[in-house]
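Protein sequences, first through last, are from chains V and R.
If you read the first sequence in numbering that gives the first Met the number 0, its first letter stands for residue 0, the second for the next number, and so on.
If you read the second sequence in numbering that gives the first Met the number 0, its first letter stands for residue 0, the second for the next number, and so on.
Virtual Cβ for every residue (Gly too), placed ideally from N, Cα, C.
Please read the structure below before turning to the comments.
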Amino acid sequence: MDFLVIQALTGLASASSLFLVASGLSLIFGVTRIVNFAHGSLFMLGAYIAWTLTDALGWADHAGPLGFWGGVLASALMVAALGALIEIVILRRIYHAPPLFPLLATFGLALMIEDLVRLIWGPEDLLGPRAPGLDGAVTILGQKLPSYDLALIALGPLVLGGLWLLLHRTHWGVLVRAATQDRAMVGALGVNQARLFTGVFALGTFLAALGGAVQIPREAVHHALDMQIIVEAFVIVVIGGLGNVAGAFLAAVLVAELNAFGILLFPRIGLVLLFLVMAVVLVLRPHGLLGRPESEPRAAVAPTVDPWRPTGPTGWAVGLALAGGLALLPLVADAYVLSVATEILIFALFAASLHLMMGVGGMVSFGHAAFFGLGAYGAALATLGWGAPMAVGLVTGPLLALAGAAVAGWLCVRLSGVYLAMLTLAFAQIVWSVVFQWQDVTGGDNGLLGMWPDRWASDPAVFFWLTLGLCGGAIALTRHIAFSPMGYALRACRDSVRRAEAIGLDRARAQWVGFVLAGGLAGLAGALFAYLKGSVFPDVLGIPVSVDALVMVLLGGLGSLTGPLVGAVAYKTLAIVVSSWTDHWPLILGALIVGLVIAAPDGLTGLAHRLAAAGRHGRRAGRS
Amino acid sequence: MSLEIRALSAWHGRARILHDLTVSVAAGEAVALLGRNGAGKTTTLSAIMGLIPHVRGTALFNGVPILGLPPHRVARLGLGYVPEDRRVFSDLTVDENLAVGRQPPRPGVPAWTPERLLTLFPNLAALRRRRGGQMSGGEQQMLTIARTLMGNPSLVLLDEPSEGLAPRIVDQMIQALRAMKADGVGLLLSEQNLIVARHLCDRALVIEKGHLVHHGPLADLDSNPAIRDATLAP
Chain V
0 MDFLVIQALT GLASASSLFL VASGLSLIFG VTRIVNFAHG SLFMLGAYIA
50 WTLTDALGWA DHAGPLGFWG GVLASALMVA ALGALIEIVI LRRIYHAPPL
100 FPLLATFGLA LMIEDLVRLI WGPEDLLGPR APGLDGAVTI LGQKLPSYDL
150 ALIALGPLVL GGLWLLLHRT HWGVLVRAAT QDRAMVGALG VNQARLFTGV
200 FALGTFLAAL GGAVQIPREA VHHALDMQII VEAFVIVVIG GLGNVAGAFL
250 AAVLVAELNA FGILLFPRIG LVLLFLVMAV VLVLRPHGLL GRPESEPRAA
300 VAPTVDPWRP TGPTGWAVGL ALAGGLALLP LVADAYVLSV ATEILIFALF
350 AASLHLMMGV GGMVSFGHAA FFGLGAYGAA LATLGWGAPM AVGLVTGPLL
400 ALAGAAVAGW LCVRLSGVYL AMLTLAFAQI VWSVVFQWQD VTGGDNGLLG
450 MWPDRWASDP AVFFWLTLGL CGGAIALTRH IAFSPMGYAL RACRDSVRRA
500 EAIGLDRARA QWVGFVLAGG LAGLAGALFA YLKGSVFPDV LGIPVSVDAL
550 VMVLLGGLGS LTGPLVGAVA YKTLAIVVSS WTDHWPLILG ALIVGLVIAA
600 PDGLTGLAHR LAAAGRHGRR AGRS
Chain R
0 MSLEIRALSA WHGRARILHD LTVSVAAGEA VALLGRNGAG KTTTLSAIMG
50 LIPHVRGTAL FNGVPILGLP PHRVARLGLG YVPEDRRVFS DLTVDENLAV
100 GRQPPRPGVP AWTPERLLTL FPNLAALRRR RGGQMSGGEQ QMLTIARTLM
150 GNPSLVLLDE PSEGLAPRIV DQMIQALRAM KADGVGLLLS EQNLIVARHL
200 CDRALVIEKG HLVHHGPLAD LDSNPAIRDA TLAP
């Protein structure tokens with residue numbers, strides 16, 4: 000019993016730091032509608048800078064409590080200044096871009112910050128100083144609790160109270176709450192939105208960095224903190240209700256206590272528990288515990304200005320010529336180039352399947368790796384478990400992905416927008432932790448090794464042709480679906496749910512079918528990937544793979560059917576080329592992504608269209 | 000001259016909504032912008048406010064070019080905007096809604112305070128702590144006009160303020176708008192019918208499918224039933 004009380008108190012102490020991060024994320028989303036993927040990176044930066052000030056520069060040793068807390072505060076302020084700079088230099092330019100582009104930009108920033116942190120502070124874990132004056136422990140019910148934890152427990156409600164006063168008792172706070180509801184109207188009333196956004200972004204990053212800085216006496220600082228914290232912060236914000244600070248506090252306590260007790264009760268499925276709770280909350284309350292439905296449903300995907308046209312004879316000719324040209328590749332390329340080309344083809348299908356869900360279906364997924372990974376494991380289990388030939392594995396993989404997508408989709412189509420995206424992320428994390436922890440079947444972290452293609456396909460050229468045929472066919476199928484009655488229904492639901500339902504479309508069913516099909520196609524890509532690599536690890540289900548897919552689709556351009564293919568080829572080629580030059584490819588890739596988002600908010604295909612239009616215009620002007 | 004617009008065109012995506020409109024409102028004048036549903040009234044007003052990205056033409060407000068300025072700059076020049084769907088901040092109280100609209104006083108224009116506004120809109124006086132989302136449509140309409148007045152505008156663009164309101168509420172609103180006009184605030188009022196315009200406006204502009212089809216004294220519309228019936232809802 001006494002032990003449980005201490006466990007609950009420790010949970011509350013962790014909740015404070017989580018609340019700081021999540022409230023910042025929630026405020027930023029509420030006003031600017033930006034899902035800030037770099038928020039975890041700013042948390043991490045806060046921790047590193049606080050470590051440098053208090054430990055490496057010795058403020059905590061020389062100046063005692065004043066030095067420690069001064070260092071924590073100074074770190075948060077420095078990161079807040081960086082946040083303001085990021086908003087002014089990068090994000091301000093892309094507020095009018097489709098809603099997901101800022102997300103892509105913040106993802107690029109996250110890549111850059113992670114790499115910079117590694118450059119500056121090195122890859123080792125750093126142990127923070129103890130907080131002077133709070134380095135002892137208090138005895139509660141015969142159990143010891145660090146005094147610092149007590150201070151943190153007090154910090155959470157203090158910050159909540161401070162934020163409440165700021166938002167309800169100051170003019171600035173009233174403007175922030177007004178902008179959370181209708182930022183365009185706030186502008187039409189004479190409020191400078193740009194300045195308001197900069198302020199909110201700086202405040203949000205201040206809270207994130209403070210959350211990171213206060214953690215240094217409790218946890219080692221390392222460069223994987225960013226992804227660890229961003230997932231938890233997303234979960235908290237979604238459970239609490241987007242844009243709702245009090246909801247974020249409730250959810251932070253819930254999540255921290257789940258972490259604290261989940262480890263005791265179900266040591267092996269702690270993470271699963273977290274995401275299960277989130278799934279349950281979202282199904283029962285689709286807008287989170289304290290969130291309210293948006294007054295106006297906002298389409299997650301901007302409607303395309305140019306209507307898509309079915310592939311005409313020229314299109315088919317170009318497609319077939321391209322496939323024919325690719326089929327000649329094994330005549331000139333060596334085994335390495337062929338394996339790279341095969342991988343690009345697989346990722347083109349993976350991106351096309353996500354585009355079917357996002358671009359055609361309007362359902363944004365942050366967890367598409369779930370289906371890719373299920374496909375890989377479905378194939379691996381058939382090959383290694385049953386000794387089945389590859390042809391069977393190429394069926395069982397997609398089937399397992401289809402089954403997973405059927406379950407996930409059934410839950411997901413009840414939601415929309417960012418909430419739906421978060422639920423897909425939760426599903427992917429659940430599948431990941433099941434695979435990670437079910438060692439008897441999946442091999443856990445050791446993965447499943449030695450699943451090579453059957454002998455007839457073991458030659459790289461033959462496997463390339465097989466992949467070309469399957470992926471090419473599947474990509475053609477996604478195009479076909481977009482112009483089938485089901486595709487029209489999906490696009491109608493994407494552009495206006497109300498109008499689609501008013502003309503008698505069964506929205507939930509159409510979206511569910513689209514979701515399942517997209518999952519199955521991702522599964523096919525995953526199965527091929529497993530045979531290409533000869534092994535499967537839980538990484539294939541991880542967040543980085545989901546993000547890769549998202550980046551490929553957005554990079555290519557969401558508003559075009561060719562976009563995901565262009566995006567996949569560009570992104571994969573870039574990643575392979577840049578990482579062969581330098582170890583710092585995340586930094587370069589991140590900078591390229593940020594630059595591209597600013598230069599071409601409609602993706603590579605949009606950029607190409609605009610350049611072509613400008614070219615035509617120029618020629619016409621030249622003639623006249 | 001307060002507002003002078005020449006050859007205003009506007010596009011939504013590729014669709015051209017407005018075709019070379021010319022609109023002028025003198026200082027303190029009330030002008031009606033009339034037309035059927037879909038004629039382009041809302042687009043005209045939002046284009047003036049800078050809420051539509053793709054526009055062409057010139058617009059001078061007290062001699063300052065405003066086309067292409069961000070909405071907050073236009074508003075700070077003293078051009079108020081009351082949108083068609085009211086867009087009251089539903090989570091904010093009446094007082095907080097008014098606070099969002101607050102701008103510094105402007106020389107030559109009467110300065111509004113919440114207290115003065117509440118004498119103009121007595122209904123709101125008892126509701127100052129009520130949230131915007133818990134008010135009736137009529138109360139919201141009063142609030143959205145009051146909120147715009149907090150910016151001390153010299154000219155207010157009103158987009159179909161009588162839409163969906165009970166006749167009794169419309170009468171109250173007309174009283175308030177008359178008082179505003181008497182204070183020297185200019186009005187550009189878009190409506191589908193003549194009910195409100197008759198009480199306030201001296202001149203009328205009639206648009207159809209984005210083209211200006213008639214302009215002149217309001218009385219002309221009664222003597223020219225062909226235009227009136229062709230362009231206005233009955």
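Subject >> Alpha carbon of S352 (chain V) to alpha carbon of I119 (chain V), nearest angstrom >> reply: Along the first sequence, one-based indexing puts residue 352 (chain V) at 353. Along the first sequence, one-based indexing puts residue 119 (chain V) at 120. Their Cα atoms are separated by approximately 39 Å.
Original post:
What residue ranges within the segment 44-80 of chain R form continuous alpha helix (DSSP H) runs of no fewer than 4 residues, ordered along the chain?
Top reply: Contiguous alpha helix (DSSP H) elements confined to the segment 44-80 of chain R occur at 70-75, taking only those with 4 or more residues.
Subject >> Alpha carbon of V237 (chain V) to alpha carbon of K180 (chain R), nearest angstrom >> reply: Within the first sequence, the letter at position 238 stands for residue 237 (chain V). Within the second sequence, the letter at position 181 stands for residue 180 (chain R). The straight-line gap from Cα to Cα measures roughly 48 Å.
**OP:** Report the neighbours of Q192 (chain V) on chain R: residues whose CB is nearer than 9 Å to its CB, in chain order.
**Re:** Locating residue 192 (chain V) in the first sequence gives position 193, where the first residue counts as 1. In chain order: P69, P70, H71.
**OP:** Could you tell me whether any Cβ in chain R is nearer than 8 Å to the Cβ of A177 (chain V)?
**Re:** Translated into the one-based positions of the first sequence, residue 177 (chain V) becomes position 178. Yes, A177 (chain V) counts as interfacial toward chain R.
Original post:
Taking all protein chains shown into account, do 16 or more other C-beta atoms lie within 10 angstroms of the C-beta of G95 (chain V), making it buried, or fewer, making it exposed?
Top reply: Sequence index remark: in the first sequence, residue 95 (chain V) carries index 96 (1-based). Checking the displayed sequence, the identity of residue 95 (chain V) turns out to be His instead of Gly. Classification for H95 (chain V): exposed.
Subject >> Interface flag, R115 (chain R) vs chain V, CB-CB below 8 Å >> reply: Position 116 of the second sequence, counted from the start, is the residue given in the question as residue 115 (chain R). It does not; no Cβ of chain V falls within 8 Å.
Original post:
With 8 Å set as the bound, which would you pick, yes or no: does the beta-carbon of S1 (chain R) sit closer than that to a beta-carbon of chain V?
Top reply: Here residue 1 (chain R) corresponds to residue number 2 of the second sequence, with the count starting at 1. S1 (chain R) does not count as touching chain V.
**OP:** Could you check what DSSP says for T169 (chain V) in three-state terms: helix, strand or coil?
**Re:** Taking the first residue of the first sequence as 1, we reach residue 169 (chain V) at position 170. DSSP places T169 (chain V) in coil when its eight states are reduced to three.
Subject >> N-terminal and C-terminal residue of the alpha helix (DSSP H) that D94 (chain R) is part of >> reply: Counted from its first residue, the second sequence places residue 94 (chain R) at position 95. For D94 (chain R), the enclosing alpha helix (DSSP H) stretches over residues 93-100.
**OP:** Closer than 8 Å by C-beta to M450 (chain V): which residues in its own chain qualify, once you throw out the five before and the five after it? Chain order, please.
**Re:** As a first step, residue 450 (chain V) is located in the first sequence; it is residue number 451 there, counting from the start. So the qualifying residues of the chain are A378, A379, T382, L383, G392, A529, Y530, G533, S534, V535.
Original post:
Contact check, V650 (chain V) vs L419 (chain V) under 8 Å by CB: the rounded distance?
Top reply: In the structure as shown, chain V starts at 0 and stops at 623, and residue 650 (chain V) therefore has no counterpart that could be examined.
Original post:
Among V:Q6, V:T604, V:G386, which residue has its Cα nearest to the Cα of I262 (chain V)?
Top reply: To locate residue 262 (chain V), count along the first sequence from 1; it is residue 263. Taking only the C-alpha atoms, the option nearest I262 (chain V) is V:Q6.
**OP:** Check the Cβ-Cβ distances between G189 (chain V) and every residue of chain R, and say whether any is below 8 Å.
**Re:** Position 190 of the first sequence holds residue 189 (chain V). Contacts with chain R at 8 Å (Cβ-Cβ) include G189 (chain V).
Original post:
Can you round the beta-carbon distance between R146 (chain R) and G100 (chain R) to whole angstroms, since I take them to be within the 8 Å contact cut?
Top reply: By one-based count along the second sequence, residue 146 (chain R) stands at place 147. By one-based count along the second sequence, residue 100 (chain R) stands at place 101. That pair is a contact at about 4 Å.
Original post:
Under 8 Å, do L204 (chain R) and H214 (chain R) count as touching if we go by C-beta distance?
Top reply: The sequence position of residue 204 (chain R) within the second sequence is 205, counting from 1. The sequence position of residue 214 (chain R) within the second sequence is 215, counting from 1. Yes, the pair counts as a contact, with Cβ atoms nearer than the cut-off.
Subject >> Uninterrupted beta strand (DSSP E) stretches inside the segment 499-580 of chain V (no shorter than 3 residues) >> reply: Listed in chain order, there is nothing to give.
Original post:
To the nearest angstrom, how far is it from the Cα of L401 (chain V) to the Cα of V433 (chain V)?
Top reply: The residue you call residue 401 (chain V) lines up with position 402 of the first sequence. The residue you call residue 433 (chain V) lines up with position 434 of the first sequence. Whole-angstrom Cα-Cα distance: 17 Å.
**OP:** Spatial neighbours of S22 (chain V) within its chain, please: CB distance less than 6 Å, with the 5 preceding and 5 following residues excluded, ordered by chain position.
**Re:** Here residue 22 (chain V) refers to the residue found at position 23 of the first sequence. So the qualifying residues of the chain are L206, V244, A247.
**OP:** Taking only the alpha-carbon atoms, compute the straight-line gap between L348 (chain V) and A488 (chain V) and give it to the nearest angstrom.
**Re:** Looking up residue 348 (chain V) in the first sequence gives position 349. Looking up residue 488 (chain V) in the first sequence gives position 489. Roughly 22 Å separates the two Cα atoms.
**OP:** Specify whether the segment 36-49 of chain V and the segment 274-294 of chain V touch according to this definition: at least 3 beta carbon pairs, one from each stretch, less than 8 Å apart.
**Re:** no
Subject >> Interface residues of chain V facing P82 (chain R) [CB-CB closer than 8 Å] >> reply: Residue mapping note: residue 82 (chain R) aligns to position 83 of the second sequence, counting from 1. Per Cβ cutoff of 8 Å: M184, A187.
**OP:** Determine, using beta carbons only, whether N96 (chain R) and L142 (chain R) come nearer to each other than 8 Å.
**Re:** The residue labelled residue 96 (chain R) in the question sits at position 97 within the second sequence. The residue labelled residue 142 (chain R) in the question sits at position 143 within the second sequence. Yes, they are a contact pair.
Original post:
In or out: E159 (chain R) buried (at least 16 other Cβ within 10 Å) or exposed?
Top reply: For the purposes of this step, residue 159 (chain R) is taken as residue 160 along the second sequence, with counting starting at 1. That one is buried.
Subject >> Other residues of its chain near D601 (chain V): CB distance less than 6 Å, five sequence neighbours each side excluded >> reply: Numbered from its first residue, the first sequence carries residue 601 (chain V) at position 602. Once the five neighbours on either side are set aside, the close Cβ partners of D601 (chain V) are G556.
Original post:
By a C-beta neighbour count over all protein chains shown, 10 Å radius and 16 as the cutoff for buried, is L321 (chain V) buried or exposed?
Top reply: As a first step, residue 321 (chain V) must be located in the first sequence, where it is residue number 322. Exposed.
Original post:
Using a C-beta to C-beta distance shorter than 7 Å, which residues of chain V count as neighbours of T90 (chain R)?
Top reply: Sequence index remark: in the second sequence, residue 90 (chain R) carries index 91 (1-based). Before going on, a small fix: residue 90 (chain R) reads as Asp here, not Thr. Per Cβ cutoff of 7 Å: R176, Q180.
Subject >> Opposing strand residues paired with R5 (chain R) [DSSP bridges] >> reply: Sequence index remark: in the second sequence, residue 5 (chain R) carries index 6 (1-based). Paired residue(s): R:T57.
Subject >> DSSP beta-bridge partners of T138 (chain V) >> reply: For the purposes of this step, residue 138 (chain V) is taken as the residue at position 139 of the first sequence. In the DSSP output, where bridge partners are listed per residue, T138 (chain V) has V:K143.
Original post:
Quick one: what's got a C-beta closer than 8 Å to L236 (chain R)'s C-beta in the same chain, skipping five residues either side?
Top reply: Past the edges of chain R, shown from 0 to 233, lies residue 236 (chain R), and the structure says nothing about it.
Subject >> Pick from V:I87, V:V271, V:E231 that is closest to V20 (chain V), judged by C-alpha positions >> reply: In the first sequence, residue 20 (chain V) corresponds to position 21, counting from 1. Considering only alpha carbons, the answer is V:E231.
**OP:** Measure the beta-carbon distance from L231 (chain R) to R86 (chain R) and round it to whole angstroms, keeping in mind my assumption that it falls under 8 Å.
**Re:** Looking up residue 231 (chain R) in the second sequence gives position 232. Looking up residue 86 (chain R) in the second sequence gives position 87. Between L231 (chain R) and R86 (chain R), the beta carbon gap of about 26 Å keeps them out of contact (Cβ cut-off 8 Å).
Original post:
With a Cβ-Cβ cutoff of 8 Å, do A201 (chain V) and L44 (chain V) count as a contact?
Top reply: In the first sequence, the residue the question calls residue 201 (chain V) occupies position 202. In the first sequence, the residue the question calls residue 44 (chain V) occupies position 45. No, the pair does not count as a contact, with Cβ atoms beyond the cut-off.
Subject >> Interface residues of the segment 102-133 of chain R facing chain V [CB-CB below 7 Å] >> reply: Q102
Subject >> Rounded C-alpha distance that separates L264 (chain V) from E256 (chain V) >> reply: Here the question's residue 264 (chain V) lines up with position 265 in the first sequence. Here the question's residue 256 (chain V) lines up with position 257 in the first sequence. Their backbone Cα atoms lie some 12 Å apart in a straight line.
Original post:
With contact counted as at least three CB pairs below 8 Å, one residue from each stretch, are the segment 124-144 of chain V and the segment 65-78 of chain V in contact?
Top reply: Touching, per the Cβ criterion.
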